[in-house]
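Everything below concerns the one structure shown next.
2 protein chains.
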Amino acid sequence: MVRTAYHHGDLHQQAHALALSTVREHGDQAISLRALAKQIGVSPPALYRHFADRESLLAELAISGFDALRLRLRKVSPTAPRQALIGIGLAYVAFAQEEPNLYRLMFGGRVLPRGTHPRLDHAGQAAFQVLEDTVDRARQSGFLKPMPLALMTATAWSLVHGLSLLTIDGHLPDADAEPRLAEGITSLLLEGAIAHSDNNKDLP
Amino acid sequence: MVRTAYHHGDLHQQAHALALSTVREHGDQAISLRALAKQIGVSPPALYRHFADRESLLAELAISGFDALRLRLRKVSPTAPRQALIGIGLAYVAFAQEEPNLYRLMFGGRVLPRGTHPRLDHAGQAAFQVLEDTVDRARQSGFLKPMPLALMTATAWSLVHGLSLLTIDGHLPDADAEPRLAEGITSLLLEGAIAHSDNNKDLP
DNA sequence: ATGCCAATGTTAACGGCGTTAACTTTAATT
DNA sequence: AATTAAAGTTAACGCCGTTAACATTGGCAT
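Protein sequences appear in the order of chains R and F. Going by numbering that gives the first Met the number 0, the first residue of the first sequence is number 0, and it counts up by one from there. Going by numbering that gives the first Met the number 0, the first residue of the second sequence is number 0, and it counts up by one from there.
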C-alpha cells in the first residue's frame with residue numbers, strides 16, 4: 000500500500016498510536032472517533048474500515064497496555080524468592096502509577112467486560128501469568144507455605160491491584176509522598192505466606 | 000411545596016432514586032439526563048434546577064453508595080480481633096459483589112476524582128473510618144504486630160479493594176464459584192500481621 | 001496492458017447526548 | 001394584592017457514534 004491523497008495507507012497504525020497517547024495523557028473518556036479522525040486528517044467513517052466501533056479501538060489499546068505490563072514484569076530479574084516476589088509486586092504497582100490512565104482502561108471494567116474479547120482476555124492472562132510464575136517458583140522452592148497456588152496468586156494480585164488503584168485514585172499517598180508504602184505492604188503480606196519452621200500450619 | 004401539573008414538587012428525590020436504581024442495574028454509563036427526564040415525565044432542563052450537571056448527580060449517587068457501605072461495615076458485630084478483622088473484610092467484599100455497579104461508580108476513578116467534591120470525599124472517608132477503627136482496635140489490643148496503623152489499614156484496604164474489583168470484573172472466581180476465596184485471602188494476610196505470641200495461636 | 005474487484009476512502013444524514021438561553025407558570029413573601 | 005424567587009417549559013447549539021450510499025484506487029487475473 001502506498002500513501003496517496005485519497006488512500007491514507009497507514010490509518011490503522013496511526014489511529015492506534017494517536018489514540019494510545021491520548022488515553023495515556025487524558026484517559027479513555029477523552030477518546031472521540033470524530034476528533035481522532037480530524038487530528039489525523041481523515042473523515043470519521045474512515046476509521047470504521049479499521050475498527051468495528053469505539054469499543055474495539057479501546058480494546059486494542061488495552062491489549063497494548065497488557066503487553067507493556069507483561070514486558071515490564073518480565074524485566075524483573077529472577078533472584079532469591081523474597082526479592083523476586085517483592086520486586087515483581089513493586090514493578091506491578093510502579094507500572095500502574097506511571098500509566099494510571101492506561102491501567103484504568105485495562106481494568107476499569109466499565110468497558111470491555113471479560114469474556115467478550117478473546118484477544119484482550121489472552122493479553123490479560125499472559126501478563127497475569129508472569130506474576131503467577133513468580134509465585135509458583137517461590138512456592139516450589141519451599142520458600143512459601145504449602146497452600147494452593149491459586150489462593151496465593153489471587154492474594155498477591157488482589158493486593159497489588161488494590162494498592163495500584165487506591166494510589167492512582169488518590170485514596171492512598173502515592174509513590175512520591177510515601178515511597179516505601181508499596182514495599183511495606185508487600186512485605187507485610189509476605190510475612191503471612193512465608194514458611195516458618197515453627198508456624199506452618201494449614202489455613203482454610 | 001405541593002404537586003401541581005406544572006411544578007413537580009419532588010423532582011430531586013425522584014431523580015436521585017431512579018438514577019440510583021438505574022446505576023445499580025446497568026451501571027453509570029446507562030445514566031442519561033434526557034432519558035431520566037423522560038422517564039419521570041419532565042423536560043430535560045428541569046433536572047438542572049436540582050443538579051449542576053451529570054457529574055453532580057453521579058456524585059450524589061456515589062455518596063449514597065458510600066453511606067450504604069459504611070452502614071454495612073458498621074453492622075459487623077465487634078467480637079474477638081481475629082473474627083472482627085475477617086468479618087469486616089468479608090463484609091466489604093460482599094458489599095462490592097452485591098452492588099458491583101455502585102461500587103465501580105464509587106471507586107471507578109474515571110469520574111469524580113478525589114479532592115474535587117468535599118461531600119463525596121467526606122462520605123468516602125467516613126466509610127473508610129469504620130475499617131480503620133476495626134484495625135486500630137485489634138492493634139491496640141495487642142493482637143497485631145506493633146506497626147504503623149496507616150500501613151496496616153492501607154494493606155487491609157488494598158487487599159479487600161483489589162479482591163472486590165478483580166471478582167466483580169471476572170478476573171477471579173466470584174463468591175458463588177469459590178465461596179471461601181475471600182476468607183482464605185484475608186486469613187493469609189492476617190498471618191503476616193498477627194503478633195506471634197502463644198495466646199494468639201488459638202483458632203484456625 | 002487492461003479490466004475488474006476488493007480495499008479504503010468520501011459526503012450526507014440520523015438519532016442521541018449534555019447543556020444553555022429565553023420564557024412561563026406557580027409558590028411564597030411582603 | 002403585588003412582587004419576587006423557584007421550578008418548570010420550548011428551542012436550539014454543538015458534540016458524539018454510527019450507517020448508508022457513493023467515489024477512488026491498488027493489486028490481480030486475464
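Each residue gets a CB set at the ideal place from its N, CA and C atoms; glycine is no exception. All values reported here derive from a predicted model rather than from experimental measurement.
Below-8 Å beta-carbon distance, residue i vs any chain F residue
i      : result
T78/R  : no
P112/R : yes
D66/R  : no
L35/R  : no
G108/R : yes
L56/R  : no
P203/R : Residue confidence for P203/R is low, a pLDDT of 34 falling below 50, so the modelled location carries little weight; the figure read from the coordinates is stated next. Output row for P203/R: interface = yes.
Buried versus exposed, by CB contacts within 10 Å (16 or more), residue i
i      : result
Y47/R  : exposed
R69/R  : buried
E98/F  : buried
K74/F  : exposed
G8/R   : exposed
E54/R  : exposed
N199/R : Because the pLDDT at N199/R is just 35, under 50, the model does not fix this residue reliably, and the value given afterwards should be weighed accordingly. It counts as exposed.
G108/F : buried
E24/R  : exposed
S76/R  : exposed
S140/F : exposed
G191/R : buried
R138/F : buried
T115/R : exposed
A29/R  : exposed
D27/F  : buried
G123/F : buried
Whole-angstrom distance between residue j and residue i, CA atom to CA atom
i      : j      : result
S63/F  : L19/F  : 9 Å
H121/F : A67/F  : 14 Å
T78/R  : L189/R : 16 Å
H128/R : F106/R : The amino acid occupying residue 128/R in the given sequence is Gln; His does not appear at that position. So the two alpha carbons sit approximately 16 Å from each other.
L158/F : P43/R  : 43 Å
A61/F  : R81/R  : 40 Å
I87/R  : A34/F  : 46 Å
D197/F : A95/F  : With a pLDDT of 47 at D197/F, under the threshold of 50, the modelled position of that residue is not reliable, and the figure given next carries that caveat. Distance between the alpha carbons of D197/F and A95/F: 35 Å.
G169/F : A16/R  : 28 Å
V134/R : L148/R : 8 Å
P178/F : P172/R : 32 Å
E59/F  : T166/F : 25 Å
P145/R : A90/F  : 27 Å
F204/R : I193/F : Outside the displayed span of chain R (0 to 203) sits residue 204/R, for which this structure offers no information.
T21/R  : D175/F : 39 Å
A253/R : R113/R : Any answer about residue 253/R is impossible in this case: the structure gives chain R only from 0 up to 203.
K37/R  : R103/F : 32 Å
A181/R : G161/R : 11 Å
D52/R  : H11/F  : 36 Å
S31/F  : L57/F  : 11 Å
L119/R : A153/R : 20 Å
Within-8 Å CB hit, residue i to chain R
i      : result
G40/F  : no
I85/F  : no
E190/F : yes
I62/F  : no
I30/F  : no
A153/F : yes
L70/F  : no
L164/F : yes
G161/F : yes
S157/F : yes
G26/F  : yes
Exercise for review: Tell me the start and end of each unbroken alpha helix (DSSP H) in the stretch 128–203 of chain R that is at least 4 residues and wholly inside, in chain order.
Suggested key: 148–167, 180–192
Point to revise | Residues in the stretch 89–104 of chain R having any Cβ partner in chain F nearer than 7 Å | key: R103
Point to revise | Against chain R: residues of the stretch 122–151 of chain F by CB proximity under 9 Å | key: The stretch 122–151 of chain F vs chain R, Cβ under 9 Å: G123, F127, K144, M146, P147, A149, L150, M151.
Review point. What are the uninterrupted segments assigned as alpha helix (DSSP H) that are 4 or more residues long and contained completely in the stretch 2–50 of chain F, given in chain order?
Key: 10–25, 32–39
Point to revise | Where the stretch 168–188 of chain F meets chain R: residues whose CB sits under 8 Å from a CB there | key: D168, G169, H170, L171, R179, L180, E182, G183, I184, S186, L187, L188
**Study point:** Minimum length 3: unbroken beta strand (DSSP E) runs contained in the stretch 78–124 of chain F
**Key:** Taking 3 residues as the shortest admissible run, the stretch 78–124 of chain F contains no complete beta strand (DSSP E) segment at all.
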